[in-house]
Amino acid sequence: MENTTGGSDLQLPYLVRDTAHNIFMCAKAYQPGPGVGFYVSKHDQNGNFLWKQIHQAPGSDVIYSAATDNEGSIYVGGNSYSLVLGTSQHIVIKYGADGEKLWSYAYQDTTAVGKFLSKLLVLPDQDLLVVGSFVDVPASNSGMLVTRLHPDGSIVWTATYDAGTNNYTTRDAIVKDGRLIVWGHWGNAEGTGFFCWQLDLEGNTLEGHATEAYSDDFQHHFTTGADGNLYVGDYYGEYKITKYKCNGETAWQYVKSGTTMGPYSVNTKMTAIQVDSLGNVFGAGVVYLD
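For reference, each letter of the sequence shown is one residue, going 69 to 358 in my numbering.
Laid out in structure tokens, this is it:
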């Protein structure tokens, strides 16, 4: 269990731990009506309950990532959907080690009608990186978005990437060798692929590389390894794992032989993929054998 989770293809509830091995569980808090909220509880290493916090808003708020710092605080981030306006705003809440709400942050650019959070990362100096995407419908444009915050919630810098005629959405991110590696999708009328955007920790773009368009729309389950490369599993029709390098090249692809398309309820597919610290890749899913 790590001090950050979210991004990749992990689903709620999320579990993260702090330096004292306390465990935080982050889940949906259901409320009357169509909306949901944030639920966060803290437990000691023996599982004893310590405290909980519930964040509820008039719309529907869903956690997409969580991370702890060296002080035992936890950051929870996600998307706040307005059921009336049809817009999305990404938000971050910081709770202290005792459960007190310390501050909240929401990206305030009003030109983008949708902001979507993908990953929270705490840096060694305890600043927080908020990684997400924006959608500007009137301009028919979307791009990647990163904000760096101090521990008190003040903004250090914000960076975006929307170069060329492609639209971009962010999926996952890690910090490696003093740079932020952000993985997401690119798309246009010709197809869809993955994109790797690399920044220094001052918010300056270092490089960006696109993979080739993939041949189907079912490369769905994914995670970023400690090497910064992207590992993707097929969701429909094949038990397949593809590794993409940060320069956009395809490193390798594994396809389990002897599997076929079956009845809808037993379609061959990947349902989860993870990579350990040694680079071993673990995939899980469903196979239909002739």
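Glycine is no exception: its CB is placed at the ideal position from the N, C-alpha and C atoms.
Check                                                                                                                                                                  : Outcome
Assign L274 to buried or exposed, taking buried as 16 or more other Cβ atoms, counted over all protein chains shown, within 10 Å of its Cβ.                            : exposed
Just mark H218 as buried or exposed, buried being the case when its beta carbon has 16 or more other beta carbons within 10 Å.                                         : exposed
On the CB-based measure, 16 or more other CB atoms within 10 Å of its CB, does W225 come out buried or exposed?                                                        : exposed
Once the 5 residues before and after T228 are set aside, which same chain residues still bring their CB inside 6 angstroms of it?                                      : G211, L213
Do K183 and Y173 have their CB atoms nearer than 8 angstroms?                                                                                                          : no
So if DSSP puts K244 in a beta bridge, which residue, or which two residues, is it bridged to?                                                                         : R247
Suppose you measure from the CA of T260 to the CA of V144; what does that come to, to the nearest Å?                                                                   : 30 angstroms
Candidates H123, V355, S222, T136: which alpha carbon is nearest L83's?                                                                                                : T136
When we look at the beta-carbon of T87 and count the other beta-carbons within 10 Å, is it buried (16 or more) or exposed?                                             : exposed
For S148, which of helix, strand or coil comes out of DSSP?                                                                                                            : strand
Output yes or no for whether 8 angstroms exceeds the beta carbon distance between N147 and L185.                                                                       : yes
Among S208, Y356, F290, F263, which one has its Cα closest to the Cα of A278?                                                                                          : F263
Among residues of its own chain, excluding the 5 on either side of G296, which ones have a beta-carbon nearer than 6 angstroms to its beta-carbon?                     : K244, I249, C314
Between T291, C94, Y299, which lies nearest to H111 when the distance is taken from Cα to Cα?                                                                          : C94
Report the start-end ranges of each beta strand (DSSP E) in the stretch 308 to 355 that is 3 residues or longer and not cut off at the edges.                          : 308 to 312, 318 to 323, 337 to 343, 349 to 354
Is DSSP giving S141 helix, strand or coil here?                                                                                                                        : coil
Would Q194 and N138 be called neighbours here (beta carbons separated by less than 8 angstroms)?                                                                       : yes
Does DSSP put Y175 in a helix, a strand or coil?                                                                                                                       : coil
Here's a check: name, in chain order, each residue in its chain whose Cβ is nearer than 7 angstroms to the Cβ of A165, leaving out the five neighbours to either side. : E139, G140, S141
What number of angstroms, rounded off, separates the C-alpha of S76 from the C-alpha of N234?                                                                          : Bear in mind that the predicted position of S76 carries a pLDDT of just 48, short of 50, making it unreliable; the figure below should be weighed with that in mind. So the two alpha carbons sit approximately 22 angstroms from each other.
Measure the CB-CB distance between F92 and D129 and report whether it falls below 8 angstroms.                                                                         : no
How many Å lie between L78 and W265 at the Cα?                                                                                                                         : With a pLDDT of 49 at L78, under the threshold of 50, the predicted position of this residue should be treated as unreliable, and no value is reported.
Regarding M212 and the ligand GDP, is the C-beta to nearest heavy atom distance less than 7 angstroms?                                                                 : As for the ligand GDP, it is missing from this structure, which has no ligand bound.
From the DSSP output, which residues share a beta bridge with G259?                                                                                                    : N256
Given this structure, state the Cα-to-Cα distance separating K96 from K169, to the nearest angstrom.                                                                   : 18 angstroms
Buried or exposed: where does S156 fall if 16 or more other Cβ atoms within 10 Å of its Cβ makes it buried?                                                            : buried
Between V198, N114, I131, which has its C-alpha nearest I122's C-alpha?                                                                                                : I131
Using a Cβ-Cβ cutoff of less than 6 angstroms, which residues in the same chain neighbour Q113 once the five nearest sequence positions on both sides are dropped?     : H89
Please report the straight-line C-alpha distance between Y312 and L269, rounded to a whole angstrom.                                                                   : 23 angstroms
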